[in-house]
Amino acid sequence: MYGEGVADMAGRIRDEDIALVRERSSIADVISETVTLKSAGGGNLKGLCPFHDEKSPSFNVSPARNVWYCFGCGAGGDAIKFLMDAEHLSFVESVERLAARAGIQLRYVEGDSAAPRPRPQQGQRQRLVAAHAAAVEFYRAQLTTAGARPAREFLARRGFDRAAAERYGCGFAPDAWDLLTKHLRQQGFTHDELVTGGLSRPSRSGTLIDRFRRRLMWPIRDITGDVIGFGARKLFEDDDGPKYLNTPETPIYKKSHVLYGIDQAKREIAKQGKVVVVEGYTDVMACHLADVPTAVATCGTAFGADHIGVLRRVLFDSDERAGEIIFTFDGDAAGQKAALRAFEDDQRFVGRTFIAVSPDNMDPCDLRLAKGDMAVRDLVARREPLVDFALRHVISRYDLDTVDGRVEAMRRAAPLVAKIKDREKRPEYVRKLAGDLGMEIEPVQRAVLAAASAPPGRDNPPARPAPAEPVVDNPQSMVEREALKLALQEPVLAGPMFDAVEASEYRHPVHVAVRAAVAAVGGAATATGGAVWIESVRDACEDLAARALVGELAVEPLRIDGDPDPRYVSVTIARLQWGSVTGRIRDLKSRIQRINPVNNKDEYFAAFGELLSLEQHARALREQAAGGL
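Residue 773 is where the sequence shown ends in the working numbering, and the numbering goes up by one at each step.
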């Protein structure tokens with residue numbers, strides 16, 4: 145079962161010991177370290193599955209049988225299988241970890257011999273976790289030395305005493321090239337283990353040296369409490385490194401999945417149904433010490449989909465019990481950008497999302513220093529819905545003293561109101577938006593309804609006066625969307641042809657914004673594809689709706705069976721241009737009708753000549769686009 149009995153170089157675990165591990169490993173306790181479980185009746189428990197995204201809990205645990213099963217994705221097994229799937233451990237590593245947890249001494253046999261033999265070398269994850277645990281103790285001991293005085297002073301200036309430093313395992317990387325490396329090597333850790341774990345690195349001469357030096361250290365723990373990495377803060381002016389330096393990606397440290405403080409905060413998050421997302425290590429410490437025990441922070445990366453998955457499982461964020469997610473960001477431009485990115489992910493949560501910004505643009509740590517613990521609690525209590533913040537930010541970009549400014553602000557804000565998860569709140573936000581814009585409620589209501597009624601997976605159109613049909617269903621809008629999908633998903637294939645068509649050929653305002661963002665990052669022809677490319681385009685979008693659309697188009701299937709080829713790209717680009725050219729032909733014909741050929745002879749013939757040229761171009765494009773999408 146799950147690789148049971150598979151021998152490695154060190155032999156295999158005795159079958160009776162494996163059975164004992166299964167018997168003594170509480171499936172509920174093991175799973176509860178990563179998934180919040182609630183009663184499902186009949187003695188069973190349920191939670192949100194950690195192996196697929198869902199809004200209603202289908203992950204079931206039977207403590208009586210020590211097994212689990214997900215009715216959503218079909219995965220299931222015992223505690224050993226859960227660790228194998230959830231933490232990507234081998235069968236032997238999972239058994240060894242559970243044995244250590246239950247205090248069971250495992251015995252190993254070689255071949256058919258039943259004679260017990262000494263415990264073999266631990267699996268890679270266990271070895272790396274053990275190395276990090278030893279490093280924590282080393283750094284903590286160094287914090288009391290004379291050379292660590294700047295680190296102690298930094299903590300004191302930030303309002304953290306010795307007890308706080310000990311609670312969070314703070315330490316100091318000494319002013320030495322290989323002190324930690326030698327210490328860990330003496331404890332039996334190998335050269336490869338220290339490099340693989342990100343604790344040491346090869347020097348230019350080839351010798352092994354410490355990765356962190358002359359810095360204040362924070363151990364970073366996973367949700368179970370194991371130390372898997374470090375965050376290091378610069379202390380000295382002559383240190384030419386970054387302000388914060390984190391452990392690199394390793395087999396046990398994946399920054400997109402890690403939330404600092406989650407090990408200490410998870411029980412309160414589950415209990416309160418609330419989480420506060422802050423920006424740094426000291427902010428987490430300050431919040432916890434100020435009696436905001438649900439605070440967590442990302443580690444050297446933006447808040448993303450994997451972090452959301454971790455929090456939703458801890459929050460039990462489902463249709464049955466919607467959680468509350470509160471983001472705290474600085475009030476500067478970078479903080480506003482981070483808040484808007486968080487709003488883009490709002491739909492991934494079932495619960496409500498909020499933002500808390502200090503009136504003085506102070507982060508929680510600075511606020512605690514300046515005004516005390518109560519000010520931190522008040523900051524969180526004064527939170528406002530994230531949608532309010534996003535709407536205010538969008539509206540602020542337009543001149544509401546002009547008709548054009550008010551209408552354009554309405555077009556940009558309407559899709560945000562349409563996306564509010566709680567539909568009963570939408571009418572109130574329609575009234576609020578109309579009031580903020582200084583407009584009558586009817587046109588705003590029409591714009592929101594048009595955006596809300598757009599088919600799933602399609603772009604929410606900006607409202608236009610009495611359109612003949614919804615913009616999203618317009619063939620031109622559809623082909624523009626297809627061209628943008630090709631640029632995002634297949635830039636190597638589509639890049640040269642896509643880049644040859646300017647943004648002026650696009651009619652949909654949000655499509656124009658995305659096309660401009662592609663150009664701003666160098667064009668599709670310069671890209672190799674993947675997540676980095678898509679993120680660069682999204683970051684270049686100045687429009688919130690455009691940023692949201694990039695994420696949608698990056699995963700939406702192309703309108704073709706099988707893989708796209710150069711001909712499909714050519715047809716798509718031709719249809720894009722053809723739609724634009726025919727639109728210009730209509731405009732030009734209307735203009736010609738208004739020209740008096742007697743009084744404006746030159747203008748008339750110039751326009752007529754331009755019309756003939758455009759019609760010829762349109763015929764050529766129509767031939768190229770033959771076959772359709």
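Heads up, the beta-carbon is just placed ideally off N, CA and C, and yes, glycines get one too.
Sub-8 Å separation of residue i and residue j beta-carbons
i: G342; j: P386; result: no
i: I353; j: H276; result: no
i: L433; j: A308; result: yes
i: R550; j: M506; result: no
i: A376; j: A439; result: no
i: A223; j: N210; result: yes
i: A660; j: A631; result: no
i: L233; j: G267; result: yes
i: A684; j: A664; result: yes
i: P294; j: L389; result: no
i: A422; j: C431; result: Checking the displayed sequence, the identity of residue 422 turns out to be Val instead of Ala. Result yes, Cβ atoms of V422 and C431 sit closer than 8 Å.
i: L720; j: E649; result: yes
i: F447; j: A414; result: no
i: R457; j: P194; result: yes
i: V658; j: L628; result: yes
i: A208; j: G187; result: yes
i: V592; j: V574; result: yes
i: G291; j: D319; result: yes
CA nearest to the CA of residue i, picked from the options
i: E310; options: A644, M361, Y213; result: M361
i: R337; options: R269, A292, R359; result: The question names Arg, but residue 337 is Glu in the sequence shown. The shortest Cα separation from E337 among R269, A292, R359 belongs to R269.
i: P395; options: V421, G448, Q408, V339; result: V339
i: P708; options: P635, T497, G666; result: P635
i: A595; options: A578, G579, L581, M554; result: M554
i: L164; options: G221, L189, A244; result: A244
i: P571; options: K565, R556, Q589, K563; result: Q589
i: Q416; options: I469, D370, G448; result: I469
i: H652; options: R738, E552, R575; result: E552
i: L328; options: D370, I413, F282, G221; result: F282
i: V454; options: E686, R156, D746, D197; result: D197
i: D490; options: S238, V524, P529; result: P529
i: R365; options: G639, D319, V280, A300; result: V280
i: Q693; options: V662, V654, A627, R711; result: For clarity, residue 693 is Leu in the given sequence; the question names Gln instead. Ranking the options by Cα distance to L693, first place goes to V654.
i: Y425; options: R302, A230, S347; result: R302
i: S502; options: E646, V273, R527; result: R527
i: E240; options: R348, G220, A409, R271; result: R271
i: D545; options: L581, A591, E696, K565; result: L581
i: Q331; options: R306, A292, C314, A278; result: A278
i: A466; options: K565, D384, K399; result: K565
i: P508; options: I452, D522, R306; result: D522
i: D504; options: T497, R496, F473, Y712; result: F473
i: Q633; options: G673, C314, D407, E646; result: G673
i: S206; options: A698, L242, L189; result: L189
Close beta carbons around residue i, own chain, < 7 Å, minus the five adjacent residues each side
i: S462; result: L192, K199, S200, P201, V494
i: A246; result: V165, R168, S169
i: V524; result: V420, V436, I470, A500
i: M429; result: F304, A308, Y312
i: W677; result: P635, A671
i: H335; result: L352
i: G772; result: Note that G772 has pLDDT 46, beneath the 50 cutoff, so the model's placement of it is unreliable and no number is given.
Same chain only: Cβ atoms within 6 Å of residue i, ignoring 5 sequence neighbours per side
i: R357; result: A317
i: V345; result: One detail in the question is off: residue 345 reads as Arg in this sequence, not Val. Hits under 6 Å: R355.
i: F333; result: A275
i: V538; result: R556, A557, L688
i: R608; result: Note that R608 scores 37 on pLDDT, short of 50, meaning its location in the model is unreliable and no value can be drawn from it.
i: R496; result: E468
i: Y397; result: I372, G373, T391
Own chain partners of residue i with C-beta closer than 8 Å, once the 5 adjacent residues on each side are dropped
i: F298; result: L360, R377, L379
i: E412; result: P437, T438
i: A612; result: Caution applies to A612, whose pLDDT of 29 falls short of 50 and renders its modelled position unreliable; the model cannot decide the point.
i: D407; result: R365, D366, I367, T368, G369
Query - Stretch-stretch touch, CB-based, cutoff 8 Å, three pairs: the stretch 276 to 288 with the stretch 317 to 324 - result: yes
Query raised in the report: Below 8 Å, can you find three or more Cβ-Cβ pairs linking the stretch 435 to 445 to the stretch 391 to 410?
Result: Of all C-beta pairs linking the stretch 435 to 445 to the stretch 391 to 410, three or more are shorter than 8 Å, placing the two stretches in contact.
Query raised in the report: Quick check: the stretch 711 to 723 against the stretch 619 to 628, are there 3 or more CB pairs under 8 Å?
Result: yes
Report task. Would you check if the stretch 177 to 185 and the stretch 213 to 222 touch, i.e. whether three or more CB-CB distances between them fall below 8 Å? Result -> no
Requested in this report: Would you check if the stretch 508 to 516 and the stretch 532 to 546 touch, i.e. whether three or more CB-CB distances between them fall below 8 Å?
Outcome: no
Report task. Tell me the start and end of each unbroken beta strand (DSSP E) in the stretch 484 to 530 that is at least 3 residues and wholly inside, in chain order. Result -> 496 to 500
Requested in this report: Pick out the complete beta strand (DSSP E) segments inside the stretch 388 to 449, 3 residues or longer, and give them in chain order.
Outcome: 388 to 390, 418 to 422, 439 to 442
Requested in this report: Just list the alpha helix (DSSP H) runs in the stretch 298 to 354, keeping only unbroken ones of 4 residues or longer that don't cross its boundaries, in chain order.
Outcome: 306 to 311, 323 to 330, 335 to 340
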